[in-house]
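In terms of the working numbering, the sequence shown is numbered consecutively and its last residue is 131.
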Amino acid sequence: MNHYETVFILNPVLSEEQIKETVKKYEDFLVSNGAKMISKEDWGLKKLAYPIQNKKSGFYHLFEYTVPGEIINTLELEFRRDERFMRYLTVKLDKHAVAWAERRREKLKVKA
């Protein structure tokens, strides 16, 4: 089981209900394929550094999870097929990145 972090940007024209439905769909996809969700974050609507598909903003989300490596290709294939996704990035975390992510989550808990 490898530790991964996926950040994705959803189309800004989606309603709040459609965004929740999309996030839930891919969370369920990961869990059904043996993933253990560690963290989910909704970063909200953010301005993009450059236009993507003629859009200047997008809804950012972050998933942190552990899963066997072969599931990542399937997940990214589903992202490519779904028109609601503007961009995504999946990164395999090493032990230093995992420790940094834990510290970041602790800081977020203190702020909340």
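C-beta atoms are modelled at their ideal positions from N, C-alpha and C, and glycine is treated no differently. Keep in mind that this is a model prediction, so the values were computed, not measured.
{"Asked": "Nearest-angstrom Cα separation, counted from A118 out to E35", "Found": "32 Å"}
{"Asked": "Pairwise C-alpha distance: Y69 and E60", "Found": "23 Å"}
{"Asked": "Inside the segment 41 to 76 only - beta strand (DSSP E) runs reaching at least 3 residues", "Found": "55 to 71"}
{"Asked": "Span of the beta strand (DSSP E), counted from its first residue to its last, around N30", "Found": "Careful: N30 lies outside any beta strand (DSSP E) and carries neither H nor E."}
{"Asked": "Span of the beta strand (DSSP E), counted from its first residue to its last, around R106", "Found": "F104 to K111"}
{"Asked": "Min CB distance F82 to chain D below 8 Å", "Found": "Chain labels in this structure do not include chain D; a single protein chain is all it has."}
{"Asked": "Among R99, K75 and L94, the one whose alpha carbon lies nearest that of D47", "Found": "L94"}
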